[in-house]
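Structure record follows, encoded as structure tokens.
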Amino acid sequence: MALSVFDILRQVREADSDLGGIVTTASFVETATIDFQHLNLQNFKGEDTLRIGGLQIEANFQGFCPKDTDLIEQDIITNDSGVTRYQVMFVQDRWQDHIEFFAKKIKGVND
Numbered sequence: 001m002a003l004s005v006f007d008i009l010r011q012v013r014e015a016d017s018d019l020g021g022i023v024t025t026a027s028f029v030e031t032a033t034i035d036f037q038h039l040n041l042q043n044f045k046g047e048d049t050l051r052i053g054g055l056q057i058e059a060n061f062q063g064f065c066p067k068d069t070d071l072i073e074q075d076i077i078t079n080d081s082g083v084t085r086y087q088v089m090f091v092q093d094r095w096q097d098h099i100e101f102f103a104k105k106i107k108g109v110n111d
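To convert, note that position 44 of the sequence shown is 44 in our numbering; the numbers rise steadily by one, no gaps.
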């Protein structure tokens, strides 16, 4: 996919006393230029999994963004107004000026 502009959304979960449940909303965090690519990983069960330092992560995309980008695990990123969405599964500082992260595709507006 190479460099693209993505919106970063952060999910907020709050207890709703009127409904007696949990309400999940997403709020806009920022727009960032991200180098994003598919990893083409599949284990023998056909699942997309990635192993990093002993961790097994369900992720099939890798991205890099500037170090000052406000990106945390469980954030949602999209480059097409939410039609296609990706959930950030793991974030790590990699180089002096970049963050490396891994994400998985989740259901979007039209799924």
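Using N, Cα and C, we set each Cβ at its ideal position, and we do this for glycine too.
Once you ignore the five residues that flank residue i on each side, which residues in its own chain have a CB closer than 8 Å to its CB?
| i | result |
| --- | --- |
| I22 | R13, E14, A15, D16 |
State the beta-bridge partners of residue i as determined by DSSP.
| i | result |
| --- | --- |
| S27 | R10 |
| Q74 | In DSSP, Q74 forms no bridge with anything. |
| E100 | F64, Q92 |
| D35 | L3, F64 |
| L50 | I57 |
Is it right to say residue i is buried, meaning 16 or more other beta carbons lie within 10 angstroms of its own, or is it exposed?
| i | result |
| --- | --- |
| A59 | buried |
| I99 | buried |
| G53 | exposed |
Enumerate in chain order the residues of its own chain whose CB-to-CB distance from residue i is below 6 Å, with the five nearest sequence positions on each side excluded.
| i | result |
| --- | --- |
| D75 | I8, R10, V88 |
Residues in the same chain with beta-carbon distance under 7 Å from residue i, minus the five sequence neighbours each way, listed in chain order, please.
| i | result |
| --- | --- |
| S4 | I34, F36, N79 |
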